[in-house]
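Numbered per UniProt numbering, the sequence shown spans residues 1 to 459. Just so it is clear, CB atoms sit at the ideal spot from N, CA and C, and this is done for glycine as well. The structure appears right after this line, and notes come after that.
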Amino acid sequence: MYYWWCLSGGYNKTPSYGTVTHAICRTPSIVDSQTCCLIYLGPRYRNGQKPQVDICDTSAVKEIHKTNSRFAKTVFYRKISIGDVPTTSSTTDKDFHTHHRRLLASPISDSSLTRLEPIIANRVRTAVNKITMELTDHGVTDVFKWWLFMATDIIGELTFGDSFRMLEIGKKNQYSLDMERLISLQPFRTTFPVLVKIARYIPVPIIKNTAKSEERLKTYAIQSVDRYKKLISQGPSNPKSTLFTKIFDEKSGMSDSEIIQEAQEYIVAGSDTTAVTLTYLTYAVCRDSRVREKLVVELAGIPEPVTDKSLRDLPYLNQIIKETLRLYTAVPFGLPRLVPSEGAQFNGYHVPGRITVSTQAYSLHRDHAIFPDPDKFNPERWENPTKEMKDASLPFGGGSRICLGMHLARMELRLATALFFRALPNARPSTKEGMTASEMEMQSFFLMAPQGHRCIIEA
Numbered sequence: 001m002y003y004w005w006c007l008s009g010g011y012n013k014t015p016s017y018g019t020v021t022h023a024i025c026r027t028p029s030i031v032d033s034q035t036c037c038l039i040y041l042g043p044r045y046r047n048g049q050k051p052q053v054d055i056c057d058t059s060a061v062k063e064i065h066k067t068n069s070r071f072a073k074t075v076f077y078r079k080i081s082i083g084d085v086p087t088t089s090s091t092t093d094k095d096f097h098t099h100h101r102r103l104l105a106s107p108i109s110d111s112s113l114t115r116l117e118p119i120i121a122n123r124v125r126t127a128v129n130k131i132t133m134e135l136t137d138h139g140v141t142d143v144f145k146w147w148l149f150m151a152t153d154i155i156g157e158l159t160f161g162d163s164f165r166m167l168e169i170g171k172k173n174q175y176s177l178d179m180e181r182l183i184s185l186q187p188f189r190t191t192f193p194v195l196v197k198i199a200r201y202i203p204v205p206i207i208k209n210t211a212k213s214e215e216r217l218k219t220y221a222i223q224s225v226d227r228y229k230k231l232i233s234q235g236p237s238n239p240k241s242t243l244f245t246k247i248f249d250e251k252s253g254m255s256d257s258e259i260i261q262e263a264q265e266y267i268v269a270g271s272d273t274t275a276v277t278l279t280y281l282t283y284a285v286c287r288d289s290r291v292r293e294k295l296v297v298e299l300a301g302i303p304e305p306v307t308d309k310s311l312r313d314l315p316y317l318n319q320i321i322k323e324t325l326r327l328y329t330a331v332p333f334g335l336p337r338l339v340p341s342e343g344a345q346f347n348g349y350h351v352p353g354r355i356t357v358s359t360q361a362y363s364l365h366r367d368h369a370i371f372p373d374p375d376k377f378n379p380e381r382w383e384n385p386t387k388e389m390k391d392a393s394l395p396f397g398g399g400s401r402i403c404l405g406m407h408l409a410r411m412e413l414r415l416a417t418a419l420f421f422r423a424l425p426n427a428r429p430s431t432k433e434g435m436t437a438s439e440m441e442m443q444s445f446f447l448m449a450p451q452g453h454r455c456i457i458e459a
């Protein structure tokens, strides 16, 4: 449901009843989905008692998210972060971010990931084998489940040096369940931060269990880091490569607590997001026989063994990935930033300093003027993308705060898509086990997921 409230003037002329919109939008963010409550005021709107201007304009987005932007992250990111130690993604301190990003960016860069590809590719092949086996045994498979196990196992091994082995056992482990519980409570972290801080002292089962989950996650992370440091000390000349191997050097300036916190953030950012994107990609391709057949033909020309290098330049595969990231962005909603003290100009309107401005991919990626028929999954629209299309694409954020893991995510998407559709060229959505299209409707708190939390496929 959309409420169209158009502005005729500047920021000060936003509706007086904007003070209640915070409650209107906050409730869906806690209990269900913000998708149904996008309150749109032209390209800007005031949201809630604390002034916030939401912007859906490519020129403004470029200004807000450019490299060396004056628009700093807000405390929102600290509130949704697990733990009390600031991280590269959650910090509001520019110098802290610059130092930590410099340390973390190299191991997860496009070129550096080549040495980690064997680990990634092995997990992807295991996932596709498990999917194929489940199809053979039961006639259907839940790809969301397997993509989640795969993505979590990959990021676990790349951060802690050891997989969670969920692909092997075929179910979530305690770490994954604890992480899932905390992610589901992200809206409460932003809405009731004080309640979250005193959670361990409140005699309510769900709240006390949440506190226990956080303690278990911290303990596991500490044990994993200690175990990996021991392995390094035993074989310092040839340690198993991870995204943090070089950072364990004391000269890096990162403490163990900071490394642990960064590792946990990697798990959150690199598991559900990749799994959800892959699930929607699989579903979108499977339900359109034309798209599926065109992709299968392209993939048939790739020799074995399939490598990421052999997939990078496949035009249709990459068009499908871009279209999935447009239509089914895993983080579709607000990326709040703080306007610098001197204020800012957007399309001729002045926004006062210290006001929160928020951009979100959901609306940008559905701008009719930029993406005709925006709700249609149409990979061909990326054959010759316009400058406006590129500017409006925000699946990983932008500027110096762009997602550190985007190269890893793209590698996983390429490998998983290719291996899945080479193995199952006739895969299609199933109605067995009561699966309906409504279960694939998007549900979002901060991260997005299918409403039914499953995606049943047959072949």
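Return the CA-CA distance between residue i and residue j, expressed in angstroms with no decimal places.
i	j	result
Y283	D226	40 Å
V128	L419	7 Å
N384	D313	15 Å
M458	V285	For clarity, residue 458 is Glu in the given sequence; the question names Met instead. Going from the Cα of E458 to the Cα of V285 covers about 13 Å.
G334	F76	10 Å
I64	K94	15 Å
T386	F371	10 Å
E441	K376	14 Å
E134	A427	13 Å
K130	R454	16 Å
K62	V331	18 Å
I232	T245	9 Å
S374	R381	Note that residue 374 is Pro in the sequence shown, not Ser. C-alpha separation (whole angstroms): 10 Å.
E258	A60	33 Å
G170	R101	35 Å
S111	H350	42 Å
S213	T219	10 Å
L447	R115	29 Å
Going by CA-CA distance only, name the one from the options that's closest to residue i.
i	options	result
A449	L281, F164, V296, T359	L281
W146	R401, I64, R123, V285	R123
F149	A459, V276, R428	V276
H368	G348, G253, H407, R326	R326
T324	H453, P425, V291	V291
T74	G452, V61, S89	S89
E157	K390, S213, A121	A121
E304	R125, G235, I206	R125
Would residue i and residue j be called neighbours here (beta carbons separated by less than 7 Å)?
i	j	result
L278	A437	no
T91	A392	no
I82	Q264	yes
T152	S176	yes
V140	S444	no
G399	K66	yes
L299	F421	yes
L243	P86	no
L113	M411	yes
L104	L404	yes
R414	L295	no
E117	D288	no
Q451	E433	no
S241	I155	no
Once the 5 residues before and after residue i are set aside, which same chain residues still bring their CB inside 7 Å of it?
i	result
R354	L338, V339, S341
N173	F164, M166
M179	L217, I267, V268
V143	I131, T279, T282, C455, I457
H97	T88, T91
G390	Gly is not the amino acid found at residue 390; the sequence shown has Lys there. Nothing listed; no residue qualifies.
K229	F248
A221	I260, A263, Q264
S255	none
P239	L231, I232, T245
Within 6 Å: the Cβ of residue i and any heavy atom of the ligand COA?
i	result
K212	No copy of the ligand COA occurs in the structure displayed, which carries no ligand at all.
Contact check, residue i vs residue j under 8 Å by CB: the rounded distance?
i	j	result
S358	P336	5 Å
Q52	T356	4 Å
I402	M435	Actually they do not touch by this definition, with Cβ atoms about 35 Å apart.
I320	P379	5 Å
residue 460	I55	Since the first residue of the chain shown is 1 and the last is 459, residue 460 is not available in this structure.
H99	G348	Incorrect: roughly 37 Å between the Cβ atoms, too far for contact.
Spatial neighbours of residue i within its chain, please: C-beta separation below 6 Å, excluding the five flanking residues on both sides.
i	result
T329	A361, P395
Q261	G83, V85, T87
S224	F160
A423	V128, T132
H365	R326
A344	V351
Beta-carbon within less than 8 Å of residue i's beta-carbon, same chain only, minus the 5 sequence neighbours each way: which residues are those?
i	result
N68	G399, S400
N209	R181
S16	Per-residue confidence for S16 stands at a pLDDT of 43, beneath the threshold of 50, marking its modelled position as unreliable; the derived number appears in the next sentence. Nothing listed; no residue qualifies.
A409	G270, T273, T274, T277, F396, C403
Y201	none
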